[in-house]
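Take the sequence shown: its position 177, counting from 1, is numbered 177 in UniProt numbering, and each next residue is one higher.
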Amino acid sequence: MDIETKKWEVLCSEEQIQERLKELGAQISKDYEGKKLMVISLLKGSFIFCADLVRNITVPVKIGFMTTSSYGHGESSTGQVNMVADISDDIEGYDVLVVDDITDTALTMNFVMGHLKTKNPASIKCCVLLDKPSRRKVELVPNYCGFEIEDKFVVGYGLNFGDYYRNIPYVFNVTDEDR
1 MDIETKKWEV
11 LCSEEQIQER
21 LKELGAQISK
31 DYEGKKLMVI
41 SLLKGSFIFC
51 ADLVRNITVP
61 VKIGFMTTSS
71 YGHGESSTGQ
81 VNMVADISDD
91 IEGYDVLVVD
101 DITDTALTMN
111 FVMGHLKTKN
121 PASIKCCVLL
131 DKPSRRKVEL
141 VPNYCGFEIE
151 DKFVVGYGLN
161 FGDYYRNIPY
171 VFNVTDEDR
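1) What do you reckon, are the CB atoms on F111 and D131 nearer than 9 Å?
2) Out of F161, E150 and C126, which has the shortest C-alpha to C-alpha gap to I40?
3) Using CA atoms only, rank isn't needed, just tell me which of S46, L53 and I149 is closest to D104.
4) Which whole-angstrom value is the C-beta distance of Y165 and L24, which I expect to be below 8 Å?
5) Look at the alpha carbon of I87 and the alpha carbon of L116, and state the distance between them as a whole number of angstroms.
6) Rounded to the nearest angstrom, what separates H73 and V61 at their Cα positions?
7) For a minimum of 4 consecutive residues, which ranges assigned as the alpha helix (DSSP H) are wholly contained in the UniProt domain "Phosphoribosyltransferase" (15 to 161)?
8) On the DSSP bridge assignment, give the partners of V171 in chain order.
9) Does the distance from the C-beta atom of V96 to that of L42 stay below 9 Å?
10) Should P169 go down as buried or exposed, given a rule of 16 or more other Cβ atoms within 10 Å for buried?
11) Which residues in the same chain have their Cβ closer than 6 Å to the Cβ of K22, if we skip the five residues on either side of it in sequence?
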């Protein structure tokens, strides 16, 4: 895939993402006012979204990281979630907000939230940039969602294809002919 020569279907423009981040930041700030907020970014995919999101949150926030894997280098979840790196912070008593780039099958988020509940947080919720509800394999609805999208393979703004294109500032659809 050569980014310079392809025409992409842009699903979420840079401007739309930045506007939605302001809205999400305001809502999260309101919901967590007076609380002990810990944001946990699921690496690698959510790092750009999470960084921009927390810059729009106006309440004090502690940030931690976890790494899981369920895709490898493929285009769909393997169905097996692996913990690559657990959160190193003590989250007991914190109101935890798990941030990820996308929820489709919801297997990863379900696994992570179940794992984190064993660490005694005061509460646990999740926030995703993109939600593909048509692909659910477990019952989970993100508490905060940037955009709901159809079942398309998407790249950009942290989402990758073969570990590339995370740096593109918008989300676009990759078609079969582009792969």
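Cβ coordinates follow ideal geometry from the N, Cα and C atoms, glycine included.
So, to answer that:
1) no
2) C126
3) I149
4) Between L24 and Y165 the Cβ distance is about 23 Å, and since that is not below 8 Å, they are no contact.
5) 9 Å
6) Confidence at H73 is low in this model, with a pLDDT of 49, below 50, so the placement of that residue is unreliable and no value is reported for it.
7) 47 to 54 and 107 to 117
8) C12
9) Cβ atoms of V96 and L42: not closer than 9 Å.
10) Burial is judged here by how many other beta carbons sit within 10 angstroms of a residue's own beta carbon; P169 has fewer than 16 and is exposed.
11) N56
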